[in-house]
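Input: a single structure, listed below in structure tokens.
Dropping the structure here:
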């Protein structure tokens, strides 16, 4: 209710801001990727089981996802393991890619045997806690070496999807392009929860940093990018009021789960 009240109070400012950046939107928008269907699954386990979970996922769990990809049941997958124990978020997260919505039928069949993509041995130590059907509307950059990648996963809530889409196109697209140019971020993507409004997030941002080195350069990359964009009146205005129409939740950093060699 608080966010809705803020949006109502600033509606005139927002609409005026969006009008100012119409040119910027045309300049910075990425190609539309509507139809890029993703299923996001979060998993929780007891802290004492985290080492075993990671070991078993590297040994067997990841290979099963790789097999489904080879068989054409899924298009691709990303498995992340939270860098820290965090009772408010998740221990493991999977982002499963599909070529189109129809392909998710194959995943429904898999779920009947492997809930959350896990076998019975893994389900003894970890529980799939939530599943989200989403759309990857934006993506840029190239994934680097997964063994060194460090992801930052940020969920957001927003009261107006149309306003947020304009915000991404006019503010985040050029901002993240700057972060990649500075060498801190390798790639980024934004997922929209198809069940909007949907708890606990409407938007999920995934930033792939160039390991700890890239993450340590985050502030410097941000400062350099803002310095180069501050002459863009539309970017500056929307950036300044962004906190009034989106709410950021608990941020997680995570490593990619790769197969044990």
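Numbering (the numbering used here), first residue to last: 10 to 270.
Where a beta carbon is used, it is the ideal one built from N, C-alpha and C, also for glycine.
Reducing DSSP to helix, strand and coil, say where residue i ends up.
i	result
residue 112	helix
residue 239	coil
residue 234	helix
residue 193	coil
residue 49	strand
residue 40	Because the pLDDT of residue 40 is 47, which lies under 50, any placement of that residue in the model is unreliable, and the number read from its coordinates should be weighed accordingly. Coil, per DSSP.
residue 69	helix
residue 257	strand
residue 127	coil
residue 92	coil
Within the continuous beta strand (DSSP E) that includes residue i, where are the two ends?
i	result
residue 250	Here residue 250 belongs to no beta strand (DSSP E); instead the alpha helix (DSSP H) covers 242 to 250.
residue 217	212 to 218
residue 150	135 to 150
Return the bridge partner residues of residue i from the DSSP annotation.
i	result
residue 268	Answer is none; residue 268 lacks a bridge partner.
residue 162	215 and 261
residue 104	49 and 87
residue 202	143
Going by beta carbon distance, what residues of the same chain come within less than 7 Å of residue i, once the five residues before and after it are set aside?
i	result
residue 269	67 and 68
residue 234	184, 187, 188 and 191
Just to check my reading of the structure: residue i and residue j have Cβ atoms closer than 8 Å, yes? What is that Cβ distance to the nearest angstrom?
i	j	result
residue 256	residue 165	6 Å
residue 86	residue 105	5 Å
residue 203	residue 144	6 Å
residue 199	residue 177	6 Å
residue 135	residue 100	7 Å
residue 137	residue 52	5 Å
residue 220	residue 157	4 Å
Going by beta carbon distance, what residues of the same chain come within less than 6 Å of residue i, once the five residues before and after it are set aside?
i	result
residue 108	84
residue 209	none
residue 103	50 and 88
residue 227	193
Under DSSP, the alpha helix (DSSP H) around residue i begins and ends at which residues?
i	result
residue 173	170 to 176
Does any C-beta atom of chain B lie closer than 9 Å to the C-beta of residue i?
i	result
residue 105	Of the chains in the structure shown, none is chain B; there is only one protein chain.
Quick one: what's got a C-beta closer than 8 Å to residue i's C-beta in the same chain, skipping five residues either side?
i	result
residue 45	106, 144, 145, 146 and 148
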